[in-house]
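Sequential numbering from 111 applies to the sequence shown in my numbering. Each residue gets a CB set at the ideal place from its N, CA and C atoms; glycine is no exception. Nothing here was measured: the structure is a model prediction, and the numbers come from that model. Quick notes on the structure that follows.
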Amino acid sequence: CAEMLAENAPSPDCQAPLLLIAAWCIGEFAAELTIEPPPLPEGPTDSVIPVGPRGKARTPKELVDVLGSLLTHHKAGTEIKGVALTALSKLLAKIPQADLPAEVVATARAHLATFQTSLNQELQARSVEFLALSSEDLADVRTDVLAPIPALTADAVRRLKWESSAAAEAAGGDDDVMAGLADDVDD
Numbered sequence: 111c112a113e114m115l116a117e118n119a120p121s122p123d124c125q126a127p128l129l130l131i132a133a134w135c136i137g138e139f140a141a142e143l144t145i146e147p148p149p150l151p152e153g154p155t156d157s158v159i160p161v162g163p164r165g166k167a168r169t170p171k172e173l174v175d176v177l178g179s180l181l182t183h184h185k186a187g188t189e190i191k192g193v194a195l196t197a198l199s200k201l202l203a204k205i206p207q208a209d210l211p212a213e214v215v216a217t218a219r220a221h222l223a224t225f226q227t228s229l230n231q232e233l234q235a236r237s238v239e240f241l242a243l244s245s246e247d248l249a250d251v252r253t254d255v256l257a258p259i260p261a262l263t264a265d266a267v268r269r270l271k272w273e274s275s276a277a278a279e280a281a282g283g284d285d286d287v288m289a290g291l292a293d294d295v296d297d
């Protein structure tokens, strides 16, 4: 899925929500996108094992170019540009330095620097912070700072639902923004 989004994101016809998803997927799965996918297992023809076109490994340059194109895409608003800047930083943190040619790092840093003087404070802050974080001086902390967000556990969702219900009750309302969420969580 991430591979297909990466391939289609630069298209002028791509819709804004897909651009956002593409940028996020590239940032979260940058390392996985640069390796060949495993072969599909052999199975009966009526198997539920997914079949269809297989993706191919992308080079770090291709991924940086896609993210760079998202920063200038005519349908990319502040949110998409912010996610693309985050994805560039995550890409630099997740792909091993040995697999990142110097010119790719330079291009990624140039894309990050694009918004250093932006009038949009959110983009300017991300640009300045991620550019600093991408420096060699901070290479040892970059991976930890840009680590994936841990998945919510069923217990955490139940706790959030309880806290939300308690807060709504204390406020005198009965609107529970988390209503039904814990009921949908599998243990």
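Start and end of the alpha helix (DSSP H) containing residue i?
i, result
"T188", "T188 to K204"
"Q231", "Q231 to L243"
"A264", "A264 to A280"
"E138", "A126 to E138"
"P170", "P170 to T182"
"E213", "A212 to A223"
"D250", "A249 to V255"
When we look at the beta-carbon of residue i and count the other beta-carbons within 10 Å, is it buried (16 or more) or exposed?
i, result
"G187", "exposed"
"V176", "buried"
"I259", "exposed"
"V251", "exposed"
"A140", "buried"
"L262", "exposed"
Let me check understanding here. Comparing Cα to Cα, which of the options lies closest to residue i?
i, options, result
"L173", "G192, A197 and K191", "A197"
"L256", "R168, A264, F240 and T169", "F240"
"P206", "I136, I131 and T253", "T253"
"T182", "L143, P148, A212 and A133", "A133"
Would you call the stretch 224 to 241 and the stretch 264 to 275 touching, i.e. three or more CB-CB distances under 8 Å? no
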